[in-house]
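Asker: First the structure, which I've put down as structure tokens, then a few questions once you've had a look.
Residue numbers (full-length UniProt numbering): 1 to 881.
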């Protein structure tokens, strides 16, 4: 487009030279007008003004009133683009006056439209709405549907600036409808973009993403670079709000590149307004401040009053993160003043929210409460549900610090209710649900924490359960054809008792807060017993249990000489040998075991309920770092399994009887990975000869041919995995994610395989509808992943998400030979009719009693997650020796 405009400029300059030579005034005027318009499109505003004023001078000289009116209108647009809204207003008034004088209804309509934009730039949105309505009225009168659509777009923008997002959406939909009617693809795209942003403002994130993706398709189709940049910018903003910070950076940087290439200063400023908060969330304070200063500078340059107010907020947020509360308060007050001047209700609400946080930092909770109340009132008025929840959290925290526990409880209760509604009604993608929920963990934790402080322990359990594995529960309901996802009621006392009565085992529900573990024990009678304990970690830290568990696992590994670092493909040198354990760590022979290292963990989580552990089976609903604890090593006499939440256990156990398959098996082992090499061409992963022996043994038991070597491809696994009742995979696993390394899919040509060809990811499994009663992941780190309110977000959860009834996984690197021996015992027990939990416990005992593999590192990593299933095997292991 820019090349075409430059060609036009060259032609018009030739025309101008010729007209000057021939003294052709009319030709000269046309050339000036066309040059002014072209430079405006190139955003070379000063040259645009120069040529348009020369055209205006000729038009006035020859008495061309209509031409003069048009020139005044165009000059008004140029000055508004320069941020000089007052001068823009003056020129548009002159344009309107002339249009009325000469009876140019279309010109008058355009003038009303531009006056509306000018008033909006000056912060007078109500006056802007009046002029936009005048514009629409004239467009209807003269039958100009395109102009009518443009008027609706402008009205939508005006209402959006007043934070009346629902009305804005109505007008943007009218604009979209007319754009479709007249076949204007570019306008359709712009309407979709505005709808995406408005839906994001209403916290309807999934719809926002859908509209914006449609907009990007059209922008690419029509070659609208600015549109592409705007679309990327909106996606960046959405992902920032949802807590997906890397995706926010990815899309916003794309927008920034386009803005700089096109010289679009307004878009550049918008990009910095997203990059700054994103860097702040990532604790990159200097980069955040740099972005916000650029955002403020550009907002001043282009006359964006709303953007200026947001920049003040963002700069203040960096200062408060750095501990400079007085400086932060100065910026927040400037933002509030700016928002009040231009009628930006959304900006006012956010300013009050941040001021409330400043007063809370200064322990002036009375002032903090007043600010948060203002934020709540404004959020309710404009329909900002997320702002409403945020205000309740601030009020809850302030009342908590003021020792007004009942008031704090009510506000935390309200915030959780709103967050649940937003999550259930506005977000459908699993990853985004997890990010959104993780962002607002504080509200959920403090709801049950205040109830514990009030000694309302049963209610605290129901509140804590409400916040667990929400996204997984939504997915399970869909998988099993139950009711659609909806906000969970906090009035769930009877519901939790019913779940407890259904379980055959004692159930322990854990909730962590700083150094305290809160423990609820549920038996068949359904009345929870509450206990508390503290760990001695030396300091009060939010991640106290993470520190404790890290120490336990480090001692366990150090005790057997395991190296802790991850051997990635780039770290292998030319003389490195591939790993033969089922991950990419090297191992050495076990040294002396130190059993005392488990005692602090035992004292923290099982010691306080020692007198209640009267059976041989235990179900644990862990929290935080305890999701990765080696539970079996803490109490060898108990067969222990984990569940992400009480409700998820209920949904799995109550799944339709015909859902899970009772026959068929997919057995995969020792995939051929010779083509997966590092940058030096060396294989990264070694052969797992015991894994091959393991799956050949299991295949004989199940009378099913295993996939091994080059046949164990990712493609083959995904083709077969959906229909079988049992899945067993013995392969390498990645340390950080638990992703499974399979043989590469066949590729045409000689190109080396990409990760997409051989890494079995969470997304791959979640895209499949599984029927497996039992999934055995005989792979290193298959129980690992990111710890959140969902439990561990990794491969084990992905299999549950997809429909598996029960998953056996490993928490750390597992020895190839020891694991083969473990699995032999495990399947022997399954073959004799035992349940998975019994088979697991006895397989662990088999290794403990062995000469070579008695150390906990060999048997303790295995965990059973989900239901306790039984599998009907074709043969008993004794038959095959």
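Glycine is no exception: its CB is placed at the ideal position from the N, C-alpha and C atoms.
Quantities reported herein were computed from a predicted structural model and do not represent experimental measurements.
1) Cα separation between residue 887 and residue 145?
2) What is the DSSP secondary structure of residue 794, reduced to helix, strand or coil?
3) Below 7 Å, is the gap between the Cβ of residue 872 and the nearest heavy atom of the ligand HEM?
4) In terms of DSSP beta bridges, what is residue 778 paired with?
5) Just to confirm, are residue 195 and residue 216 a CB contact at a threshold of 8 Å?
6) Straight-line CA distance for residue 128 to residue 158?
7) At 4 residues or longer, and completely inside the region 79–137: list those alpha helix (DSSP H) runs for me, N to C.
8) CA-CA distance, residue 880 and residue 649?
9) Who are residue 513's beta bridge partners in DSSP?
10) Note down, in chain order, each residue of its chain lying with its Cβ closer than 7 Å to the Cβ of residue 240, except the 5 sequence neighbours on either side.
11) Output the boundary residues of the beta strand (DSSP E) element that contains residue 786.
12) Select from 107, 223 and 237 the residue whose C-alpha is nearest the C-alpha of residue 212.
13) So, are the CB atoms of residue 343 and residue 307 less than 8 Å apart?
14) Does the pairing of the region 769–789 with the region 713–727 give three or more beta-carbon distances under 8 Å?
15) Return the residue from the list 718, 866 and 823 that minimises the CA-CA distance to residue 651.
16) Could you give the residue range of the beta strand (DSSP E) that holds residue 665?
17) Please name the residue or residues paired with residue 806 in a DSSP beta bridge.
18) With DSSP collapsed to three states, give me the class of residue 771.
19) Below 6 Å CB to CB, which residues in the same chain sit around residue 521 once its five sequence neighbours on both sides are set aside?
20) Determine which residues share a DSSP beta bridge with residue 40 and list them.
21) Quick check on residue 407: does DSSP put it in helix, strand or coil?
22) Report the three-state DSSP secondary structure of residue 676 (helix, strand or coil).
23) So what's residue 683 in DSSP terms, helix, strand or just coil?
24) Would the region 184–199 and the region 372–390 be scored as touching if the rule is three or more Cβ pairs under 8 Å?
25) So for residue 532, helix, strand or coil by DSSP?
26) Provide the residue(s) that pair with residue 743 in DSSP beta bridges, ordered along the chain.
27) Leaving out the 5 sequence neighbours to the left and right, which residues in its chain are closer than 7 Å to residue 633 when beta-carbon positions are compared?
28) Can you round the beta-carbon distance between residue 163 and residue 346 to whole angstroms, since I take them to be within the 8 Å contact cut?
29) Considering only DSSP beta bridges, list what residue 522 is partnered with.
30) In this structure, does DSSP put residue 61 in helix, strand or coil?
31) Throw me the rounded Cβ distance for the residue 336 and residue 352 pair, which I believe falls under 8 Å.
32) Per DSSP, what kind of secondary structure is residue 643 in: helix, strand or coil?
33) In the DSSP assignment, find the unbroken alpha helix (DSSP H) run with residue 325 in it and report its ends.
34) Which residues does DSSP pair with residue 621 in a beta bridge?
35) Just curious, the alpha helix (DSSP H) that residue 754 is in, first and last residue?
36) Would you mind reading off the limits of the alpha helix (DSSP H) that contains residue 439?
Answerer: Taking the geometry as given:
1) Lying before the first or after the last residue shown, residue 887 is absent from the chain, which here runs from 1 to 881.
2) Numbered from 1 along the chain shown, position 794 holds the residue referred to as residue 794. Looking at residue 794 - three-state DSSP - the assignment turns out to be coil, as it is neither helix nor strand.
3) The model on display carries no ligand, and the ligand HEM is accordingly not part of it.
4) Here residue 778 corresponds to residue number 778 of the chain shown, with the count starting at 1. Looking at the DSSP assignment, residue 778 forms a beta bridge with 730.
5) As a first step, residue 195 is located in the chain shown; it is residue number 195 there, counting from the start. As a first step, residue 216 is located in the chain shown; it is residue number 216 there, counting from the start. No, the Cβ-Cβ distance between residue 195 and residue 216 is not below 8 Å.
6) Position 128 of the chain shown, counted from the start, is the residue given in the question as residue 128. Position 158 of the chain shown, counted from the start, is the residue given in the question as residue 158. When rounded, the distance between both Cα atoms is 7 Å.
7) 85–102 and 105–121
8) As a position in the chain shown, residue 880 is number 880, starting the count at 1. As a position in the chain shown, residue 649 is number 649, starting the count at 1. At residue 880, the pLDDT of 37 sits below 50, so the modelled position is not reliable; the number obtained from the coordinates is stated separately. Between residue 880 and residue 649, the C-alpha separation is close to 36 Å.
9) Your numbering for residue 513 matches position 513 in the chain shown. DSSP, once it has assigned bridges, lists 516 as partnering residue 513.
10) By 1-based counting over the chain shown, the position of residue 240 is 240. Excluding positions up to five away in sequence, the list reads 248, 274, 277 and 278.
11) As a first step, residue 786 must be located in the chain shown, where it is residue number 786. It spans 786–788 - the beta strand (DSSP E) in which residue 786 sits, taken as one unbroken run.
12) Here residue 212 refers to the residue found at position 212 of the chain shown. Residue 237 is the option with its Cα nearest to residue 212.
13) Sequence index remark: in the chain shown, residue 343 carries index 343 (1-based). Sequence index remark: in the chain shown, residue 307 carries index 307 (1-based). Not in contact: residue 343 and residue 307 (Cβ atoms no closer than 8 Å).
14) yes
15) As a position in the chain shown, residue 651 is number 651, starting the count at 1. Looking at the Cα atoms, 866 is the closest of the given residues.
16) Walking along the chain shown from the start, residue 665 turns up at place 665. Note, residue 665: beta strand (DSSP E), 665–671.
17) Counted from its first residue, the chain shown places residue 806 at position 806. Bridge partners of residue 806: 866.
18) The residue labelled residue 771 in the question sits at position 771 within the chain shown. Residue 771 falls in the coil class under three-state DSSP.
19) Taking the chain shown and counting its residues from 1, the one referred to as residue 521 is at position 521. 508, 529, 609 and 612.
20) The residue you call residue 40 lines up with position 40 of the chain shown. Residue 40 pairs with nothing; no bridge assigned.
21) Taking the chain shown and counting its residues from 1, the one referred to as residue 407 is at position 407. If DSSP states are grouped into helix, strand and coil, residue 407 belongs with the helices.
22) Stepping through the chain shown from its first residue, residue 676 is reached at position 676. It is coil, neither helix nor strand.
23) To locate residue 683, count along the chain shown from 1; it is residue 683. Three-state DSSP puts residue 683 in a strand.
24) no
25) Residue mapping note: residue 532 aligns to position 532 of the chain shown, counting from 1. The answer is strand: DSSP assigns residue 532 an E or B state.
26) As a working note, residue 743 is residue 743 in the chain shown. For residue 743, which the question treats as bridged, DSSP gives the partners 713.
27) Counting from one through the chain shown, the residue named residue 633 turns up at place 633. These residues qualify, in order along the chain: 598, 856 and 860.
28) As a working mapping, residue 163 is identified with position 163 in the chain shown. As a working mapping, residue 346 is identified with position 346 in the chain shown. About 4 Å separates the two Cβ atoms, so the contact holds.
29) On the chain shown, position 522 is the one that residue 522 refers to. Partner(s): 507.
30) Working through the chain shown from its first residue, we reach residue 61 at position 61. It is helical.
31) For the purposes of this step, residue 336 is identified with residue 336 of the chain shown, where counting begins at 1. For the purposes of this step, residue 352 is identified with residue 352 of the chain shown, where counting begins at 1. Confirmed, about 7 Å.
32) Counting from 1 along the chain shown, the entry for residue 643 is found at position 643. Coil, per DSSP.
33) If you number the chain shown from 1, residue 325 lands on position 325. Residue 325 -> alpha helix (DSSP H) spans 325–342.
34) Working through the chain shown from its first residue, we reach residue 621 at position 621. Its beta-bridge partners are 509.
35) Against the chain shown, residue 754 aligns to sequence position 754. Neither: residue 754 is in no alpha helix (DSSP H) and is coded neither H nor E.
36) As a first step, residue 439 is located in the chain shown; it is residue number 439 there, counting from the start. From DSSP, the alpha helix (DSSP H) with residue 439 extends over 430–439.
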